[in-house]
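FYI, the numbering for the sequence shown is 1 to 395, going by UniProt numbering. C-beta atoms are modelled at their ideal positions from N, C-alpha and C, and glycine is treated no differently. In this text the structure is predicted, and so the values were computed from the model without any measurement.
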Amino acid sequence: MSKEPPSISHRSLADLKVAVGHDDLTVPYSGGDKVFATIAETFPQADIFTSMITDLWRGRLEVRSQKSERKIITTFMQKIPLKRKFQKALFPLYPLAFESLDFSDYDLVISSSARFAHGVVTQPETKHICYMHSPGRMFWEPDRYFAGNPGLGKILLPALSYLRLWDYTAAQRVDQFISNSKNIARKIKRYYGRDAEVVYPFVDLERFTLQATGDRRPATGEYFLIVTRLEPWKRVRIAVEAANQAGVKLKIAGTGPDRRRLEKLTGSQKLEVRSKKSDIEILGGVRDEELVGLYQNCTAFIMTQEEDFGITALEAQACGKPVIAYGAGGALETVAAGQTGEFFAEQTSESLAEVLKRFRPERYDPSACRKNAEKFSKERFQRELVEVVERAIKG
Numbered sequence: 001m002s003k004e005p006p007s008i009s010h011r012s013l014a015d016l017k018v019a020v021g022h023d024d025l026t027v028p029y030s031g032g033d034k035v036f037a038t039i040a041e042t043f044p045q046a047d048i049f050t051s052m053i054t055d056l057w058r059g060r061l062e063v064r065s066q067k068s069e070r071k072i073i074t075t076f077m078q079k080i081p082l083k084r085k086f087q088k089a090l091f092p093l094y095p096l097a098f099e100s101l102d103f104s105d106y107d108l109v110i111s112s113s114a115r116f117a118h119g120v121v122t123q124p125e126t127k128h129i130c131y132m133h134s135p136g137r138m139f140w141e142p143d144r145y146f147a148g149n150p151g152l153g154k155i156l157l158p159a160l161s162y163l164r165l166w167d168y169t170a171a172q173r174v175d176q177f178i179s180n181s182k183n184i185a186r187k188i189k190r191y192y193g194r195d196a197e198v199v200y201p202f203v204d205l206e207r208f209t210l211q212a213t214g215d216r217r218p219a220t221g222e223y224f225l226i227v228t229r230l231e232p233w234k235r236v237r238i239a240v241e242a243a244n245q246a247g248v249k250l251k252i253a254g255t256g257p258d259r260r261r262l263e264k265l266t267g268s269q270k271l272e273v274r275s276k277k278s279d280i281e282i283l284g285g286v287r288d289e290e291l292v293g294l295y296q297n298c299t300a301f302i303m304t305q306e307e308d309f310g311i312t313a314l315e316a317q318a319c320g321k322p323v324i325a326y327g328a329g330g331a332l333e334t335v336a337a338g339q340t341g342e343f344f345a346e347q348t349s350e351s352l353a354e355v356l357k358r359f360r361p362e363r364y365d366p367s368a369c370r371k372n373a374e375k376f377s378k379e380r381f382q383r384e385l386v387e388v389v390e391r392a393i394k395g
């Protein structure tokens with residue numbers, strides 16, 4: 001249930017005291033992190049709140065902000081020793097951390113949440129708008145989240161049950177939900193019983209571009225590509241097994257806890273060494289300029305996981321490359337079947353291998369892929385976000 005319309009409805013957005021916040025700002029740029037950084041950029045007058053933040057993120061936000069007096073507000077979790085090392089073990093503290101923040105002096109709070117940031121408590125006269133990347137997977141979709149460690153999921157079951165109850169209650173305090181896709185809007189409705197307006201995230205169209213070439217169609221590439229954090233739930237193993245079955249070259253860019261297991265699977269015990277068992281390379285983390293080149297020179301981009309939205313699929317298309325994606329989740333909203341990519345029906349290596357065996361990259365026009373990606377520009381995101389926020393504060 002929503003709160004009564006606040007008294008800010010007659011004031012302009014520029015006159016409001018605003019705070020924008022994110023779950024935590026501790027890891028390298030993920031898709032959700034990029035969205036939050038742009039939300040902070042879109043509202044330069046806003047202070048920033050988060051559970052904890054690194055010095056790298058502080059510098060990043062200061063560079064983006066033209067408001068030198070912008071405050072960065074953290075919770076008691078910022079003072080916990082070794083918090084980065086044991087961050088996942090601290091998740092039961094997040095609800096208390098966000099509920100402890102004081103927003104009594106603010107007119108508008110915009111939370112960017114995939115887990116806990118939407119749990120802040122505001123005064124009745126303060127409007128709270130949440131940009132929801134996804135309801136927390138660990139407590140709404142535990143089988144998927146703990147796919148690589150089901151034993152841990154069972155141990156945490158009592159805590160997860162509590163968090164589901166807390167999360168539902170916290171969601172009822174939000175005045176307006178914005179979702180990053182129709183896929184997530186449906187989950188918000190299913191789990192919280194709340195409606196959400198969709199504002200799609202964006203792809204960096206200046207950074208990710210078509211390869212410079214005199215030909216109408218760039219080279220089709222010699223390898224398939226995955227760019228993702230290496231977590232069990234990302235299901236990268238499916239692509240490794242499918243590449244073996246189809247006899248194709250695969251490059252994997254990314255780091256994470258599942259890397260060692262994948263290296264053992266491919267037979268590559270040394271970092272960045274091609275597997276002897278199959279034509280597969282695990283590249284680890286790559287620099288920005290390397291990433292663009294990997295996209296531009298691949299045959300196609302592969303997405304094995306069910307993503308909430310999936311910005312990497314758009315990065316590949318912005319570089320003129322088609323996408324082969326598991327036919328579920330956000331990919332259904334970013335990939336045009338037969339025009340900018342193909343779907344595999346089952347989340348298995350066999351289903352993906354069948355697509356890899358018959359895939360013909362020459363059927364895909366790079367300009368069509370690029371045109372599809374251009375629908376998801378940063379300017380469009382910022383414009384639509386401000387429009388939704390302005391409607392919400394007037395409502």
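Neighbour-count burial assignment, residue i, 16 or more Cβ in a 10 Å radius
i, result
"S161", "exposed"
"L152", "exposed"
"F76", "exposed"
"A392", "buried"
"G293", "exposed"
"A37", "buried"
"G119", "buried"
"K71", "exposed"
"E307", "buried"
"E342", "buried"
"P158", "exposed"
"R363", "exposed"
"Y192", "buried"
"A14", "exposed"
"residue 427", "Outside the modelled stretch of the chain, which goes from 1 to 395, sits residue 427, for which no answer is possible."
"Y29", "exposed"
"D215", "With a pLDDT of 48 at D215, under the threshold of 50, the modelled position of that residue is not reliable, and the figure given next carries that caveat. So D215 counts as exposed."
Beta carbon of residue i nearer than 8 Å to that of residue j
i, j, result
"L283", "K251", "yes"
"A313", "A325", "yes"
"F224", "A212", "no"
"L262", "V240", "yes"
"F146", "L163", "no"
"K182", "V198", "yes"
"A253", "L291", "yes"
Enclosing beta strand (DSSP E) for residue i [first to last residue]
i, result
"A253", "L250 to A253"
"Q382", "Not the beta strand (DSSP E): Q382 falls in the alpha helix (DSSP H), residues K378 to K394."
"E197", "A196 to V198"
"T74", "I72 to T74"
"F301", "A300 to M303"
Collapsed DSSP secondary structure at residue i in the structure displayed
i, result
"C369", "helix"
"H118", "helix"
"Q176", "strand"
"E346", "coil"
"A325", "strand"
"F146", "coil"
"D308", "coil"
"S9", "helix"
"Y131", "strand"
"F224", "strand"
"V20", "strand"
"D215", "Here the model assigns D215 a pLDDT of 48, short of 50, so the residue's position is not dependable, and the following value carries that caveat. Here D215 sits in coil by DSSP."
"I155", "helix"
"G341", "strand"
"D47", "strand"
"F205", "The displayed chain sequence assigns Leu, not Phe, to residue 205. In this structure, L205 counts as coil in the three-state DSSP scheme."
First and last residue of the uninterrupted alpha helix (DSSP H) at residue i
i, result
"Y192", "K182 to Y192"
"S104", "Note, S104: premise wrong, no alpha helix (DSSP H); not H, not E."
"V240", "V236 to A246"
"D39", "Here residue 39 turns out to be Ile, not Asp, going by the sequence shown. Element bounds for I39: G31 to T42."
"D279", "Here D279 belongs to no alpha helix (DSSP H), and DSSP marks it neither H nor E."
"T334", "A331 to T334"
"F138", "Note that residue 138 corresponds to Met in the displayed sequence, not to Phe. Where M138 is concerned, the enclosing alpha helix (DSSP H) stretches over R137 to W140."
"E289", "D288 to Q296"
Cutoff 8 Å: residue i Cβ touching any chain D Cβ
i, result
"V240", "Within the model displayed, chain D is absent; a lone protein chain is all it includes."
Distance cut-off 7 Å: residue i Cβ against heavy atoms of the ligand MN
i, result
"T122", "Within the structure as shown, the ligand MN is missing, as the structure has no ligands at all."
Query raised in the report: Is there contact here, the segment 344-359 with the segment 164-176, by at least three beta-carbon pairs under 8 Å?
Result: no
Query raised in the report: Three or more beta-carbon pairs under 8 Å between the segment 39-53 and the segment 106-120, yes or no?
Result: yes
Query raised in the report: Would you call the segment 170-187 and the segment 131-141 in contact, with 3 or more CB pairs under 8 Å?
Result: yes
Query raised in the report: Looking at C-beta atoms only, is the number of pairs between the segment 370-386 and the segment 315-322 that lie closer than 8 Å three or more?
Result: yes
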